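See below for the structure under consideration.
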């Protein structure tokens, strides 16, 4: 029977078995099956090093790609309409309007809508499309300046949505019927554009909300409507119109009226006294008409005005006992019958109602009145002197005759 192995030999055998097992496990680990879905936050293990996997490293924040706000985009339908009007749309018209075409949009979503459009210095080749204008029925303000394009009938939806309409030297001509469709206007301005209409009432009769109206240099004929709207603050019917007749008394019932320009027409009759009772009135221009009679304004009223122009009315005169001739109104003083004493002096344009230039005239009123009185008494003194001289000669002749008889 052989002796048992020594303890040292057993220990060496055990160490050999352990090292062999460890080597086989290490060589088999790279071929191990990987899990189907590795964790996105863990880094893959590098088999050639023993550096631990950086599973505790912070994950960098995710950056989102910015998208343009949908609220800054004009409605595609209206964008096409602007393109048909030759308005550049390379940039959002709601954010950066083109230099000659101002646009204002609302804040609606998902698409913004136009509420104001101003076209200026248009090409003569521009054509207004009925379809394009119909797409712009959300407009509240529409303005044309120096756009000599062919006019078109405005869609009813657009006409009824407008609160402000301006046409200055544009559209070649307008009609009273077409303008009367703008029933919700608060501001109407038509200047240097012929308007084919039977009269102002045909244009303004349905505009119940109107506050400011300018129809100037429009070749309009007829009379001023007897029933003007009570909300008006601004009336301008001046220049190259042919309005005739008197200014209606109904104008006195417009309490907020501040601006009146009816110059260069054929208006006649007397200047209404009610102007002096209008508390808000600051601008009054009645020049170059056919008014007659005595100007019914006193110094207090004239001081209140910023501008007063009444020149160019050959039969109109002022009461020289109330107003100074230095006011340079462009009309003559009145005689005792209310008629002009002489042709009116040349009107100084710089004095046409400027309160500052007239202030010195008001202060000199008394001196001017005294000089007038002296001027009127001058001819009477001459006549009296001649009469005294003639009487003296007659007396001398009689005296000489009597003396000669007495001596004879």
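Residue numbers (mature numbering (1 follows the signal peptide of the UniProt record, and there is no 0)): -25 to -1, 1 to 383. Ideal Cβ placement from N, Cα and C applies to all residues, glycine included. Quantities reported herein were computed from a predicted structural model and do not represent experimental measurements.
{"Item": "Cβ neighbour criterion (16 or more within 10 Å) applied to residue 211", "Value": "buried"}
{"Item": "Delimiting residues of the beta strand (DSSP E) encompassing residue 261", "Value": "First-last for residue 261: undefined, no H or E at that position."}
{"Item": "Rounded C-alpha distance that separates residue 292 from residue 188", "Value": "30 Å"}
{"Item": "Cβ-Cβ distance between residue 126 and residue 147 below 9 Å", "Value": "yes"}
{"Item": "DSSP bridge partner residues for residue 212 (one or two, in chain order)", "Value": "DSSP, once it has assigned bridges, lists no residue as partnering residue 212."}
{"Item": "DSSP bridge partner residues for residue 77 (one or two, in chain order)", "Value": "93"}
{"Item": "Helix, strand or coil at residue 374 [DSSP, three-state]", "Value": "helix"}
{"Item": "Backbone CA spacing between residue 111 and residue 279 [nearest angstrom]", "Value": "44 Å"}
{"Item": "Residue 132: first and last residue of the uninterrupted alpha helix (DSSP H) it sits in", "Value": "131 to 136"}
{"Item": "Limits of the unbroken beta strand (DSSP E) element including residue 141", "Value": "139 to 143"}
{"Item": "Length of the line joining the Cα atoms of residue 89 and residue 53", "Value": "8 Å"}
{"Item": "Start-to-end residues for the beta strand (DSSP E) that takes in residue 196", "Value": "196 to 198"}
{"Item": "Cut-off 8 Å between Cβ atoms - residues of its own chain near residue 150, not counting five sequence neighbours on either side", "Value": "170, 171, 172"}
{"Item": "Residue 128 to residue 118 span [Cα, whole Å]", "Value": "15 Å"}
{"Item": "Own chain residues within Cβ distance below 8 Å of residue 99, not counting five before or after", "Value": "123, 124"}
{"Item": "Residue 270 versus 288, 163, 134, residue with shortest Cα-Cα distance", "Value": "288"}
{"Item": "Cβ pair residue 260, residue 283 closer than 9 Å", "Value": "yes"}
{"Item": "Reduced DSSP category for residue 222 - H, G, I as helix; E, B as strand; rest coil", "Value": "coil"}
{"Item": "Residue 381 burial status per 10 Å Cβ neighbour count (16 or more: buried)", "Value": "exposed"}
{"Item": "Neighbour-count burial assignment, residue 78, 16 or more Cβ in a 10 Å radius", "Value": "buried"}
{"Item": "For residue 115, the three-state DSSP class (helix, strand or coil)", "Value": "coil"}
{"Item": "CB of residue 203 within 9 Å of CB of residue 179, strictly", "Value": "yes"}
{"Item": "Enclosing alpha helix (DSSP H) for residue 58 [first to last residue]", "Value": "51 to 59"}
{"Item": "7 Å Cβ shell around residue 205 - same chain, five flanking residues per side excluded", "Value": "228, 229"}
{"Item": "Span of the beta strand (DSSP E), counted from its first residue to its last, around residue 248", "Value": "Taken as a continuous stretch (DSSP letters only), residue 248 belongs to no beta strand (DSSP E), as it is neither H nor E."}
{"Item": "Contact belief for residue 304 with residue 285 at Cβ below 8 Å, rounded distance in angstroms", "Value": "6 Å"}
{"Item": "Assigned exposure category for residue 87 - 16 Cβ within 10 Å defines buried", "Value": "buried"}
{"Item": "Within 9 Å, strictly: CB atoms of residue 185 and residue 161", "Value": "yes"}
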